[in-house]
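Just so it is clear: in the sequence shown, position 79 is 78 by numbering that gives the first Met the number 0, and no numbers are missing.
Note sheet for the following structure.
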Amino acid sequence: MNDRHKGNGAGDETGESLEFELVTDEENGERGLEAAGEPFETGETTAQDDGSTEREAERLREEIEHLRELYLRKLAEFDNFRKRVEREREDVRINAAADVIRELVPVMDNFDRALAHADANPESLRQGVDMIARQLWDALTRQGLEVVDPEGKPFDPEIHEAVQRVEDASHEPGTVVHVLGKGYMFRGRLVRPAMVAVAVEPRDVVAADGQGGEDGSGS
0 MNDRHKGNGA
10 GDETGESLEF
20 ELVTDEENGE
30 RGLEAAGEPF
40 ETGETTAQDD
50 GSTEREAERL
60 REEIEHLREL
70 YLRKLAEFDN
80 FRKRVERERE
90 DVRINAAADV
100 IRELVPVMDN
110 FDRALAHADA
120 NPESLRQGVD
130 MIARQLWDAL
140 TRQGLEVVDP
150 EGKPFDPEIH
160 EAVQRVEDAS
170 HEPGTVVHVL
180 GKGYMFRGRL
190 VRPAMVAVAV
200 EPRDVVAADG
210 QGGEDGSGS
(Lines of atoms letter the chains of each structure in order from A and count residues from 1; the text may use other names and numbers.)
(Lines give C-alpha, C1' and ligand atoms only; values in the text may rest on other atoms or scores of the structure.)
Protein backbone atom coordinates (compact mmCIF):
# COMPACT_ATOMS: atom_id res chain seq x y z
CA MET A 1 0.00 0.00 0.00
CA ASN A 2 1.45 3.38 -1.02
CA ASP A 3 0.39 6.88 0.17
CA ARG A 4 1.73 9.71 -1.93
CA HIS A 5 2.56 13.09 -0.33
CA LYS A 6 4.20 16.25 -1.67
CA GLY A 7 7.08 17.79 0.20
CA ASN A 8 6.43 21.14 1.87
CA GLY A 9 8.93 23.82 0.92
CA ALA A 10 11.48 21.37 -0.30
CA GLY A 11 12.67 21.17 -3.85
CA ASP A 12 15.52 20.37 -6.09
CA GLU A 13 17.83 22.84 -7.80
CA THR A 14 15.24 23.56 -10.49
CA GLY A 15 12.79 24.79 -7.87
CA GLU A 16 10.39 21.98 -8.47
CA SER A 17 8.75 20.37 -5.45
CA LEU A 18 9.58 16.80 -4.53
CA GLU A 19 7.05 14.11 -4.06
CA PHE A 20 7.40 11.41 -1.39
CA GLU A 21 5.68 8.12 -0.95
CA LEU A 22 4.73 6.55 2.40
CA VAL A 23 5.43 2.96 1.56
CA THR A 24 4.32 -0.07 3.61
CA ASP A 25 5.99 -3.42 3.09
CA GLU A 26 3.11 -5.88 3.34
CA GLU A 27 5.37 -8.86 4.12
CA ASN A 28 7.29 -7.36 7.07
CA GLY A 29 4.85 -4.62 8.08
CA GLU A 30 7.54 -1.92 7.80
CA ARG A 31 6.77 1.61 6.67
CA GLY A 32 8.98 4.40 5.38
CA LEU A 33 9.16 7.59 3.27
CA GLU A 34 10.88 7.50 -0.04
CA ALA A 35 11.08 9.80 -2.99
CA ALA A 36 8.47 8.97 -5.55
CA GLY A 37 9.75 6.55 -8.12
CA GLU A 38 12.67 5.30 -5.91
CA PRO A 39 12.71 1.61 -5.05
CA PHE A 40 11.66 0.66 -1.49
CA GLU A 41 14.17 -1.54 0.34
CA THR A 42 13.36 -3.22 3.68
CA GLY A 43 14.47 -6.28 5.68
CA GLU A 44 18.25 -5.84 5.29
CA THR A 45 18.93 -5.64 9.05
CA THR A 46 16.62 -8.56 9.76
CA ALA A 47 18.40 -10.69 7.18
CA GLN A 48 21.75 -9.86 8.77
CA ASP A 49 20.39 -10.74 12.23
CA ASP A 50 19.07 -14.05 10.93
CA GLY A 51 22.49 -14.92 9.53
CA SER A 52 24.23 -14.04 12.79
CA THR A 53 21.75 -16.12 14.80
CA GLU A 54 22.25 -19.11 12.53
CA ARG A 55 26.03 -18.88 12.88
CA GLU A 56 25.70 -18.68 16.68
CA ALA A 57 23.37 -21.67 16.70
CA GLU A 58 25.83 -23.64 14.58
CA ARG A 59 28.68 -22.71 16.95
CA LEU A 60 26.64 -23.89 19.93
CA ARG A 61 25.79 -27.16 18.19
CA GLU A 62 29.47 -27.78 17.52
CA GLU A 63 30.35 -26.98 21.13
CA ILE A 64 27.65 -29.35 22.44
CA GLU A 65 28.93 -32.13 20.18
CA HIS A 66 32.48 -31.50 21.39
CA LEU A 67 31.39 -31.68 25.04
CA ARG A 68 29.42 -34.86 24.34
CA GLU A 69 32.47 -36.52 22.78
CA LEU A 70 34.60 -35.35 25.71
CA TYR A 71 32.09 -36.79 28.21
CA LEU A 72 31.98 -40.16 26.44
CA ARG A 73 35.78 -40.29 26.29
CA LYS A 74 36.11 -39.53 30.02
CA LEU A 75 33.41 -42.08 30.81
CA ALA A 76 35.31 -44.74 28.90
CA GLU A 77 38.57 -43.77 30.62
CA PHE A 78 36.92 -44.02 34.05
CA ASP A 79 35.46 -47.43 33.23
CA ASN A 80 38.89 -48.66 32.14
CA PHE A 81 40.42 -47.24 35.33
CA ARG A 82 37.80 -49.01 37.48
CA LYS A 83 38.44 -52.33 35.77
CA ARG A 84 42.21 -51.89 36.15
CA VAL A 85 41.86 -51.16 39.88
CA GLU A 86 39.68 -54.25 40.33
CA ARG A 87 42.24 -56.41 38.52
CA GLU A 88 45.08 -55.00 40.61
CA ARG A 89 43.10 -55.57 43.82
CA GLU A 90 42.40 -59.16 42.81
CA ASP A 91 46.10 -59.64 42.00
CA VAL A 92 47.01 -58.40 45.47
CA ARG A 93 44.60 -60.89 47.08
CA ILE A 94 45.91 -63.75 44.98
CA ASN A 95 49.54 -62.89 45.70
CA ALA A 96 48.83 -62.65 49.45
CA ALA A 97 47.09 -66.02 49.43
CA ALA A 98 49.91 -67.51 47.35
CA ASP A 99 52.44 -66.41 49.99
CA VAL A 100 50.49 -68.26 52.68
CA ILE A 101 50.13 -71.39 50.52
CA ARG A 102 53.83 -71.29 49.75
CA GLU A 103 54.56 -71.36 53.48
CA LEU A 104 52.12 -74.23 54.11
CA VAL A 105 53.22 -76.58 51.33
CA PRO A 106 56.28 -77.88 53.28
CA VAL A 107 54.00 -78.47 56.28
CA MET A 108 51.75 -80.66 54.13
CA ASP A 109 54.80 -82.57 52.90
CA ASN A 110 55.82 -83.36 56.49
CA PHE A 111 52.29 -84.50 57.31
CA ASP A 112 52.48 -86.98 54.43
CA ARG A 113 55.85 -88.29 55.63
CA ALA A 114 54.60 -88.67 59.21
CA LEU A 115 51.49 -90.55 58.14
CA ALA A 116 53.52 -92.84 55.90
CA HIS A 117 55.54 -94.04 58.92
CA ALA A 118 52.75 -93.95 61.52
CA ASP A 119 52.38 -97.73 61.82
CA ALA A 120 56.09 -98.44 62.12
CA ASN A 121 56.80 -96.30 65.19
CA PRO A 122 54.01 -94.51 67.12
CA GLU A 123 56.52 -92.51 69.16
CA SER A 124 58.15 -91.29 66.00
CA LEU A 125 54.71 -90.20 64.80
CA ARG A 126 54.16 -88.18 67.96
CA GLN A 127 57.51 -86.47 67.56
CA GLY A 128 56.80 -85.81 63.90
CA VAL A 129 53.42 -84.23 64.63
CA ASP A 130 55.01 -82.04 67.29
CA MET A 131 57.63 -80.89 64.80
CA ILE A 132 54.99 -80.19 62.17
CA ALA A 133 52.96 -78.12 64.65
CA ARG A 134 56.00 -75.93 65.36
CA GLN A 135 56.72 -75.63 61.65
CA LEU A 136 53.11 -74.60 60.97
CA TRP A 137 53.16 -72.01 63.72
CA ASP A 138 56.45 -70.57 62.44
CA ALA A 139 54.95 -70.24 58.94
CA LEU A 140 51.86 -68.46 60.25
CA THR A 141 53.95 -66.19 62.47
CA ARG A 142 55.99 -65.06 59.47
CA GLN A 143 52.71 -64.07 57.81
CA GLY A 144 51.80 -61.87 60.80
CA LEU A 145 49.69 -64.14 63.03
CA GLU A 146 49.89 -63.52 66.80
CA VAL A 147 48.46 -65.41 69.76
CA VAL A 148 46.23 -63.67 72.29
CA ASP A 149 47.04 -65.40 75.60
CA PRO A 150 45.77 -63.17 78.43
CA GLU A 151 46.04 -65.50 81.41
CA GLY A 152 46.68 -63.50 84.58
CA LYS A 153 45.82 -60.21 82.85
CA PRO A 154 42.76 -57.98 83.28
CA PHE A 155 39.76 -58.94 81.19
CA ASP A 156 39.49 -56.85 77.99
CA PRO A 157 36.13 -57.16 76.19
CA GLU A 158 37.72 -55.84 73.01
CA ILE A 159 39.88 -58.95 72.52
CA HIS A 160 38.54 -61.44 75.11
CA GLU A 161 35.28 -63.37 75.33
CA ALA A 162 34.20 -64.37 78.85
CA VAL A 163 32.68 -67.86 78.75
CA GLN A 164 33.01 -68.72 82.44
CA ARG A 165 33.12 -66.99 85.84
CA VAL A 166 35.29 -68.44 88.56
CA GLU A 167 35.10 -67.58 92.26
CA ASP A 168 38.72 -67.06 93.12
CA ALA A 169 39.92 -65.07 96.11
CA SER A 170 43.55 -65.33 94.96
CA HIS A 171 42.91 -63.08 91.94
CA GLU A 172 41.48 -59.62 91.66
CA PRO A 173 37.91 -59.63 90.31
CA GLY A 174 37.97 -59.18 86.54
CA THR A 175 41.26 -61.05 86.10
CA VAL A 176 41.57 -63.79 83.48
CA VAL A 177 42.34 -66.98 85.44
CA HIS A 178 42.11 -69.52 82.60
CA VAL A 179 42.35 -69.41 78.81
CA LEU A 180 39.90 -71.94 77.42
CA GLY A 181 40.65 -71.06 73.81
CA LYS A 182 43.50 -69.01 72.45
CA GLY A 183 42.73 -65.86 70.56
CA TYR A 184 44.50 -64.75 67.40
CA MET A 185 45.35 -61.44 65.78
CA PHE A 186 46.57 -60.99 62.24
CA ARG A 187 48.67 -57.91 61.58
CA GLY A 188 46.91 -55.94 64.29
CA ARG A 189 43.40 -57.16 63.45
CA LEU A 190 41.45 -59.49 65.72
CA VAL A 191 40.81 -62.82 64.01
CA ARG A 192 39.29 -64.60 67.01
CA PRO A 193 38.87 -63.39 70.60
CA ALA A 194 40.41 -65.44 73.40
CA MET A 195 37.77 -67.49 75.25
CA VAL A 196 38.51 -67.02 78.93
CA ALA A 197 37.37 -67.67 82.50
CA VAL A 198 37.21 -64.52 84.60
CA ALA A 199 37.67 -64.29 88.37
CA VAL A 200 34.81 -62.98 90.49
CA GLU A 201 34.68 -62.36 94.22
CA PRO A 202 33.58 -65.49 96.18
CA ARG A 203 30.01 -65.40 97.43
CA ASP A 204 30.97 -66.08 101.06
CA VAL A 205 33.16 -62.97 100.99
CA VAL A 206 30.32 -60.95 99.50
CA ALA A 207 27.92 -62.28 102.14
CA ALA A 208 30.39 -61.47 104.91
CA ASP A 209 30.79 -57.94 103.61
CA GLY A 210 27.01 -57.55 103.54
CA GLN A 211 26.60 -58.73 107.12
CA GLY A 212 29.40 -56.47 108.24
CA GLY A 213 27.65 -53.56 106.63
CA GLU A 214 24.39 -54.38 108.50
CA ASP A 215 26.19 -54.67 111.83
CA GLY A 216 27.95 -51.44 111.22
CA SER A 217 24.74 -49.63 110.41
CA GLY A 218 23.03 -50.92 113.57
CA SER A 219 25.81 -50.00 116.01
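All C-beta atoms in this analysis are idealised placements derived from N, C-alpha and C, irrespective of residue type, glycine included.
Query	Result
Give me, in chain order, the residues of the same chain whose beta-carbon lies closer than 8 Å to that of Glu145; leave out the 5 immediate sequence neighbours on both sides.	Tyr183, Met184 and Phe185
With burial defined as no fewer than 16 other Cβ atoms inside 10 Å of the residue's Cβ, what is the status of Ala196: buried or exposed?	buried
Near Val128, what residues of its chain come up, given a Cβ to Cβ distance below 7 Å and the 5 sequence neighbours on each side ignored?	Ala113
Are the CB atoms of Val199 and Arg164 within a distance shorter than 9 Å?	yes
State the DSSP-derived secondary structure class of Arg58, mapped to helix, strand or coil.	helix
Could you compute how far the alpha carbon of Arg133 sits from the alpha carbon of Pro121?	19 Å
Alpha carbon to alpha carbon, how far is Gly50 from Leu59? Give it in angstroms, no decimals.	14 Å
Ignore the nearest five residues each way along the sequence and tell me which others in Pro201's own chain have a CB closer than 7 Å to its CB.	Glu166 and Ala168
Using a 10 Å radius around the Cβ and a threshold of 16 neighbouring Cβ atoms, would you call Asp11 buried or exposed?	At Asp11 the pLDDT is 48, less than 50, meaning the model places this residue with poor confidence and gives no usable figure here.
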